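Numbering (this note's numbering), first residue to last: 63 to 426. All C-beta atoms, glycine included, are put in the ideal place defined by N, C-alpha and C. Fair warning: this is a prediction, and the values are worked out from it, not measured in the lab. Structure, as structure tokens:
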């Protein structure tokens with residue numbers, strides 16, 4: 063709940079009724095009714111501390127309308143912004159309809175009902191209810207009902223589906239050796255992986271004014287770099303990276319060279335490397351090399367399709383989040399420089415690397 067001064071300079075309480083400001087902005091961007099969009103915009107701006115004059119300039123509402131919207135919002139919540147013009151009040155949906163709607167959202171696609179699309183939108187759900195129950199409802203009613211049933215519209219989380227859980231659990235049970243590795247001064251433990259980074263980065267969330275989505279520069283450029291990296295994940299945290307232009311693939315030869323360098327910078331120590339089962343990690347060349355240096359190197363392969371068990375993946379996520387900007391970089395050299403700056407910063411901040419890649423947060 064937040065308070066604000068009214069025109070009479072009295073202190074009024076103002077609540078979001080359990081919603082977040084981001085929820086209101088999401089609804090405002092999805093709703094069709096201009097009446098509802100403007101009402102939500104006025105409420106959100108009031109909550110953020112904008113003055114009446116600023117809200118009037120942005121929405122075109124009168125001062126009386128703004129005060130009315132705020133008072134009704136405090137009293138009724140989302141019901142206050144539903145459009146009732148024309149004498150029709152959207153009916154409440156029965157529990158049977160609500161249950162059916164939730165089932166359809168979670169288990170069916172619009173194509174199953176001869177709509178066009180694979181993902182349900184508020185507009186399609188309005189049409190579904192009208193087609194199946196002959197009831198006219200507005201977008202706000204649907205959105206409010208879904209939020210009340212703990213459903214939200216968000217990006218899917220990528221998750222491999224071929225992972226073997228029994229293999230993962232068996233692998234974790236063998237990692238009692240971490241205690242020995244962590245206490246040993248003669249051993250250094252890395253996680254290894256590769257990634258690609260382009261001058262035109264993938265889309266990520268960023269700030270922008272309401273109703274003005276960020277513009278991401280995209281000209282189909284594939285220029286960039288490929289990186290093979292290893293991060294020390296137990297004690298003496300640091301990163302080691304080899305960077306190649308995007309037209310140079312990271313093959314077994316580059317992996318072998320990287321492993322040789324890890325041994326070179328750790329003289330007199332046993333180098334232990336956790337890595338996935340990619341072909342360039344398990345090839346004949348790597349296995350032959352491994353047999354020759356087993357006294358100095360130990361390769362531990364993670365369970366198949368288990369990227370979330372590799373701490374280096376979290377380093378890539380951090381790197382790409384720090385690199386993101388809507389505009390494209392002008393050249394590969396600029397991208398390479400920015401990457402090196404971030405890794406230099408990480409190598410000077412062992413606490414940050416610990417929080418990003420500590421082995422026990424991923425492997426046990």
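Between residue i and residue j, how many whole angstroms is the CB-CB distance? I'm expecting something under 8 Å.
i: residue 354; j: residue 248; result: Not really, about 20 Å apart at Cβ, beyond 8 Å.
i: residue 420; j: residue 295; result: 6 Å
i: residue 201; j: residue 94; result: 6 Å
i: residue 405; j: residue 372; result: Their Cβ separation, rounded to whole angstroms, is 18 Å, which puts residue 405 and residue 372 out of contact at 8 Å.
i: residue 117; j: residue 110; result: Wrong, their Cβ atoms sit about 10 Å apart, outside the cutoff.
i: residue 361; j: residue 352; result: 6 Å
i: residue 398; j: residue 302; result: The Cβ separation is near 16 Å, so there is no contact.
i: residue 359; j: residue 321; result: 6 Å
i: residue 390; j: residue 261; result: 5 Å
i: residue 315; j: residue 347; result: 7 Å
i: residue 89; j: residue 205; result: 6 Å
Considering only the alpha carbon of each residue, which of the options lies closest to residue i?
i: residue 91; options: 117, 185, 301, 250; result: 185
i: residue 157; options: 141, 195, 176; result: 195
i: residue 183; options: 113, 213, 351; result: 213
i: residue 143; options: 399, 106, 111; result: 106
i: residue 242; options: 189, 334, 233; result: 334
i: residue 155; options: 347, 207, 78, 96; result: 207
i: residue 416; options: 172, 138, 302, 298; result: 298
i: residue 338; options: 316, 357, 370, 315; result: 370
i: residue 176; options: 193, 407, 341; result: 193
i: residue 307; options: 325, 234, 396, 231; result: 396
i: residue 51; options: 385, 78, 394; result: Any question about residue 51 goes unanswered here, given that the chain covers just 63 to 426.
i: residue 283; options: 168, 88, 394; result: 394
i: residue 259; options: 199, 340, 378, 244; result: 378
i: residue 138; options: 323, 385, 80; result: 80
i: residue 140; options: 101, 172, 171, 324; result: 101
i: residue 317; options: 340, 329, 300; result: 340
i: residue 425; options: 231, 133, 173, 226; result: 231
i: residue 84; options: 215, 349, 234; result: 215
Under a Cβ-count criterion, where at least 16 other Cβ atoms within 10 Å of its own Cβ denotes burial, should residue i be classed as buried or exposed?
i: residue 70; result: Confidence at residue 70 is low in this model, with a pLDDT of 41, below 50, so the placement of that residue should be treated as unreliable; the coordinate-derived value is given next. The residue in question, residue 70, is exposed, as its Cβ has fewer than 16 Cβ neighbours within 10 Å.
i: residue 423; result: exposed
i: residue 327; result: exposed
i: residue 115; result: exposed
i: residue 150; result: Here the model assigns residue 150 a pLDDT of 47, short of 50, so the residue's position is not dependable and the matter cannot be decided.
i: residue 103; result: buried
i: residue 293; result: buried
i: residue 190; result: buried
i: residue 178; result: exposed
i: residue 413; result: exposed
i: residue 343; result: buried
i: residue 381; result: buried
i: residue 403; result: exposed
i: residue 256; result: buried
i: residue 383; result: exposed
i: residue 168; result: exposed
i: residue 98; result: buried
i: residue 210; result: exposed
i: residue 408; result: buried
i: residue 203; result: buried
i: residue 418; result: buried
Answer with yes or no whether the minimum CB distance from residue i to chain B is below 7 Å.
i: residue 289; result: Of the protein chains in this structure there is only one, and it is not chain B.
Is the region 282-290 touching the region 309-322 in the sense that three or more CB pairs, one from each, lie closer than 8 Å?
A contact exists between the region 309-322 and the region 282-290.
Whether or not the region 120-131 and the region 155-168 are in contact is what I'm after, with contact meaning three or more pairs of Cβ atoms, one per stretch, closer than 8 Å; do they touch?
In the pairwise beta carbon analysis, the region 155-168 is classified as not touching the region 120-131: fewer than three pairs are separated by under 8 Å.
Touch check for the region 164-176 and the region 111-126: three-plus C-beta pairs under 8 Å?
The answer is no - the region 111-126 does not touch the region 164-176, with fewer than three Cβ pairs under 8 Å.
Which ranges would you report for the alpha helix (DSSP H) in the region 365-420 if only whole runs of at least 4 residues count?
DSSP runs (the alpha helix (DSSP H)) wholly in the region 365-420: 373-385, 394-409, 412-419.
Ignoring anything shorter than 4 residues, give me the alpha helix (DSSP H) runs that lie fully in the region 225-256, in order along the chain.
Secondary structure in the region 225-256: the alpha helix (DSSP H) runs of 4 residues or longer, each lying completely within the stretch, are 227-235, 239-245 in chain order.
For a minimum of 4 consecutive residues, which ranges assigned as the alpha helix (DSSP H) are wholly contained in the region 74-115?
The region 74-115 contains these whole alpha helix (DSSP H) runs: 83-92, 96-109.
Counting Cβ pairs, one atom from each stretch, are 3 or more of them under 8 Å apart for the region 245-259 and the region 367-384?
The region 245-259, when compared against the region 367-384, does touch it at the 8 Å Cβ threshold.
Where in the region 327-361 do unbroken runs of the beta strand (DSSP E), each at least 3 residues long, occur, reported from the N-terminal end onward?
Counting only runs of 3 or more, we get 332-337.
Along the chain, which unbroken stretches of the alpha helix (DSSP H) at least 4 residues long are found entirely within the region 178-215?
List check, alpha helix (DSSP H) in window: 184-195, 201-210.
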